[in-house]
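Under the UniProt record's numbering, the sequence shown has 442 at position 442, and the numbering climbs by one with no breaks.
Cβ atoms here follow ideal geometry from the backbone N, Cα and C, with glycine treated the same way.
Computed from a predicted model, the values in this text were never measured in an experiment.
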Amino acid sequence: MSPAQDAPLKEKTSSALPFGQQVSLASVSGPTYVTAQLLVQQVAYLLSDKIFSYSAPTFDLDVAARAWAEAKEKNIYGEHTDVVQLQTRTGAGAFALGYMFSPDFDMSKRHVPQTLLAPSLSLKSLRGALDQLSLLYGVASPFVAHIAALDYDAHNGLLPEYESALRTAEELGLGLVSSTSAYETQHMGSLRHPHGRRHPYSSRLRRPRMARPESSNCLLATLMTALTPTLGVDEGVRLAKETMKASGALNNKKGVADTYKKISNEVATLNKSLEDPDKIVELLRLFNEELGTEYELFEYHGHKQAETVLVVFGSVEAQLAKQVAGRLAADGAKVGTINVRVYRPFVEEAFLKAIPASTQRIAVLGQVRDELAVNDATVQSTLYTDVLTSIAFSGKFHQDPAVSDVKYAASEPLTPQSVADIFGKVSGHGAAAKRFPSLVHAKQYTFWDLDSSAAANSPFVIGNLLSRESTSNVYVSEQYDNLVQGGVVRTDIRSSKKTIDAPYAIEDADVVAVGEEKLLRDIDILKGVKEGGKLLVKLPKFKDEDVEKRIPAFVRKSVREKGAEIYILDPAQSAAFDEDESAASILFEFAFLEVAHADISREDVARSLLPEGSSPSLQEILDALDVTLRKFDLPSETTELPADHIWPSLPATIKTNSFAPAKDLVADEVARLVDWQAAAKGLAFKEAYGTKATLRPELSVKTHTVTVKENRRLTPETYDRNIFHIEFDLGDSGVTYKIGEALGIHAENDDEEVQAFIKWYGLNSDEIVQVPSREDAAALDTRTVYQALKQNIDVLGKPPKRFYESLAEFASDEKEAQQLRVLGGAEGAVDFKKRSDEDTLTYVDVLQEFPSARPSFHDLVRIVAPLKRREYSIASAQAVTPNAVSLMIVVVDWVDTRGRTRWGHASRYLSRLPVGTTVTVSVKPSVMKLPTSAKAPLIMAGLGTGLAPFRAFVQYRAMQKARGEEIGSILLYLGSRHKREEYLYGEEWEAYQDAGVITLLGAAFSRDQPQKIYIQDRMRESIKDIVQSYIRDEGSFYLCGPTWPVPDVTDVLKEAIAYEGKLTGKKVNPRNEIEKLKDEGRYVLEVY
């Protein structure tokens, strides 16, 4: 049972491998421990001539296949399979097409499949190749693409996104197959590898599970390509990488070869006059007969007389719906679910046959891209359209069931509770929703640690140990969040005597082990401990009297409420283990097993965890455990909290945004600056040099090109402040944004100033160079010198102190060099501050001031900072203006100490753009979020351009009101200097007030009368309205603009709280109440 051998685990290679360990091809035969991605790669390697891999470095979609290729492992044809690593870019897939249609192609291999491995985020780039293959499949090699449902979002991290696969299959006329568990992955993938007529096929991974006889997705999909171009789908984030026991995997090379060849030969004899859907039905029959499985195009589970049916597609969705429907049906609820195994071709007869005649309601659980699409009534999920059409034209029902679209975003994690809630809502029992009982009968453990910890790999070590019991089924899954505490890893372990399907994070662990105490303050870890569970925490140098300092108050209270037990591991009590991180990690493993599995003898543990003759010895560990591990009873007084204690609002888990520790993602190689010859090589030989031709590839966020649609000044030309409205046409850019988010503008340097610098510095503007990208110095952009100075390098910006220090190295005049060193050091702090804050000198100014310091262009771009994007609050709601995005901006300008007029970089750039100009933009999440309920009141205060996000808020509420929805009151307070010049969007606000959208409009124009009137004055005048909307009706308050009014505006809110308290006779602390409102997300500031 690889890799669960008696020897201790080696260092982890990849989370895509079982227990992180590389395994030989021959060892992938049941019973054994595998991952779904390993099974995909096994079938791909055994059945293919070449594997074209578009895996990102840490995705590891090809990690096992690459190792097998390097070891010259043989496929079923007696040869080794080549693995070609490629990059996702425009035209991806062309390399594979070129190979298959090359005049030099070995025609004896024409019947052998070619395989592609890629995440779903690559589908857009692969679309062209898939389209051509669908047209040329009759003369091409069999082609299969196993595509992991895997995308990345800057806000939500890694997503199991498969909507793109559904749309690609629908639009290109490809077949589409999904597995419902990791067990099925192998079977389904093999179905994708053809042995007859050629059709391109693509498979996609959803969450991996264990591996019974259903390890079938790969095999089934491969066979299916002999009939029709096909895509296969499996989850790629959690399920794909979960280590689990496969007790019935196909018997390695011989088992895969025999099954594949036998079914392929029978498929070749099918009646040629059959339509593709009929051939698929026949293929599935042959497949089931050969493997003893019971796969169907549409698989029903639930009550025999179901009235409510949920239609689902995807691994996690199918497993959860099946289990929840089964539990509810067993309790008498008339509910059921249909799993769509083969989405394309959509065989309507088979779908209608699967629906119980008693059905009154059908809900389609359809994935859409994001929350914006979920809330947009005009957006329908892809699957919903097919289901609705089938029902509408079926003629099967006396009265057609009502069909609804239950949309969910790719970022929304599904759990048994959330699926049960969907059943309740669709059935009309939403009001009676209650906690859904656990579906898992297993021992469950969760581990938390920094990913840089020496003990970060301990959960895999423990999981491997538990797996050595032949009657046990162990599941290990880990998540990485590189953005919390510099990198956090969460690992879940489930252990059961029976096989289980639980494609979701553990929510009620028997034991939770925490290797880093700081995580207790950042994550609500206790939420994942079951009632009466145990918490093991590593607390070095812990003293009983420090309990209130070391263990947060809310943790102490949660421990008491759950009746949990705390165990403290203090390695400092043993000097040998305190000083040796490796020894301390072994101690942590023994401590966990002592707490969670006292039934396992220490000698058995030692044989598994300790190499023979290793240090520390078993006796040394046991001696250390006696002094370092203890059960700690919290003093009762430390678990009592004051009634007005403010509970922190913490996440219960992390967002998976990586498959590797943060430390593994740091670039080791310093970016190179090369000349035009090297750049030319990169352009001529893109594959060899890894050159990518994409839109702003260097940016950590997705960028898009939009077009200026409108650019108009809002203030008079004679007014000293240029505030303007700019609107962009989104076209086919793919830009989507949520209400309250910001638009990042990737502005360029002023053309005249760039040309003047090039001339003064003596540069060749047309010379081709490679320079560091704007936001990732490890990536290089190919540019001319002119383009680099205009688009990449902030040469017109303000230099930091380190620039002076770096520039000193290039000064040939010793006096200038000394002056630069002073300015770059502590003694020049006062002078530097004046230069930066008062003189506002630029890099160019400093270079001209010290003419003997003349770095080469390549050295210059090394010491000058890259240009940064500038973010502006979005002043529109995409639900109202779907093809446009608007901003309101003030041009920043000032006169420096030399008498020169200076401008803000991005605001001036935007103000001068004519209609039709293209601009590069990106979207940034924001704290400014509209309440989910339309009835929730809004109290908004905006100064100047701070009104921008509130225009979006009001637009959206106006749309809701126009649709007949009841909306809450809106109090809008705005402030500026003069009404005639700066009543920004004034006519719009008044029109919204007349229409009953805005309830109260409080405008404060500070300089239109002798006495100054500010925004807080208008708020104080209407304090009763604030009390009603904000406190009694539980509204939300927002302030956007400069920081200076924050204290005054907050004082008004405190007065309102105190006023309400006085009226109701309640004793309240306004300051504490404001803090509570912050935690609830009802007091939101976006100030600058």
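Please determine, among the options, the residue with the shortest C-alpha to C-alpha distance to residue i.
i	options	result
E371	E741, T1050, E805, D837	E741
D750	R902, R630, K1012	R902
T936	P925, V954, V927	Just to set this straight, residue 936 is Ala in the shown sequence, not Thr. The shortest Cα separation from A936 among P925, V954, V927 belongs to V954.
R127	V139, T932, I147, R110	I147
V84	V921, F59, S55, P416	S55
N339	T180, L17, D1079, A591	T180
K541	L520, S574, G533	S574
A44	K74, G20, V342	K74
residue 1090	S477, I998, S470	Coverage of the chain is limited to positions 1 through 1088, which leaves residue 1090 absent and any answer about it impossible.
K1076	S649, Y567, G336	S649
I76	A257, A879, T32	A257
Y992	A962, K1012, F554	A962
L117	Y99, F105, D60	D60
I391	E531, A363, A377	A363
S48	L17, L86, L39, H111	H111
E348	F298, S1029, Y260, Y872	F298
E767	T784, K1067, W894	T784
L841	F810, G825, V895	V895
Could you check how far apart the C-beta atoms of residue i and residue j are, in whole angstroms? I think they sit under 8 Å.
i	j	result
F728	A884	7 Å
V461	A409	That pair is no contact at about 36 Å.
I523	T446	Not a contact, Cβ separation roughly 11 Å.
T656	D839	With 8 Å as the limit, T656 and D839 do not qualify as a contact, their Cβ atoms being about 47 Å apart.
A879	M959	6 Å
F850	L807	7 Å
From which residue to which residue does the alpha helix (DSSP H) around residue i run?
i	result
M848	Going by the sequence as given, residue 848 is Gln instead of Met. From DSSP, the alpha helix (DSSP H) with Q848 extends over 843-849.
L133	123-136
F287	276-291
residue 1107	Nothing can be reported for residue 1107: it is not among the residues displayed for the chain, which extend from 1 to 1088.
R802	801-808
F1037	Premise fails: F1037 lies in the beta strand (DSSP E), 1036-1041, not in any alpha helix (DSSP H).
M107	That residue, M107, is in no alpha helix (DSSP H); it is neither H nor E in DSSP.
H905	905-911
According to DSSP, what are the bridge partners of residue i?
i	result
R870	I745
S658	Y480
K924	A742
G175	T230
P119	A148
A1004	G975
W894	R902
F757	BP columns for F757 are empty, so no partner.
Y1083	F1037
R712	H725
Provide the residue span of the beta strand (DSSP E) that contains residue i, from first to last.
i	result
N473	473-481
T491	488-496
F728	723-729
G942	938-943
F52	50-53
Here's a check: name, in chain order, each residue in its chain whose Cβ is nearer than 6 Å to the Cβ of residue i, leaving out the five neighbours to either side.
i	result
P208	Its pLDDT being 31, under 50, P208 is placed unreliably by the model, and nothing is read from it.
A169	L176, L231, R344
L135	none
Q1016	D1048, V1049, V1052
I793	V861, V864
F973	Going by the sequence as given, residue 973 is Tyr instead of Phe. Answer for Y973: A941, G1002, I1015, R1018, M1019, listed in chain order.
residue 1092	Outside the modelled stretch of the chain, which goes from 1 to 1088, sits residue 1092, for which no answer is possible.
R977	S1006, R1007
Q5	With a pLDDT of 46 at Q5, under the threshold of 50, the modelled position of this residue cannot be trusted; read the value that follows with caution. Excluding residues within five positions, none has a Cβ falling inside 6 Å.
Return the chain-ordered list of same chain residues with a C-beta closer than 8 Å to the C-beta of residue i, the five sequence neighbours on each side being excluded.
i	result
L695	Residue confidence is low: L695 scores 49 on pLDDT, short of 50, so the model does not pin down where it sits. No coordinate-derived value is stated.
S122	Y54, T88, A92, I147
Within its chain, find whatever has a CB closer than 7 Å to the CB of residue i; leave out the 5 residues flanking it on each side and keep chain order.
i	result
T945	I723, M888, I889, V890
I568	V537, L539, F542, R630, F632
I263	L223, L286, F287, E290
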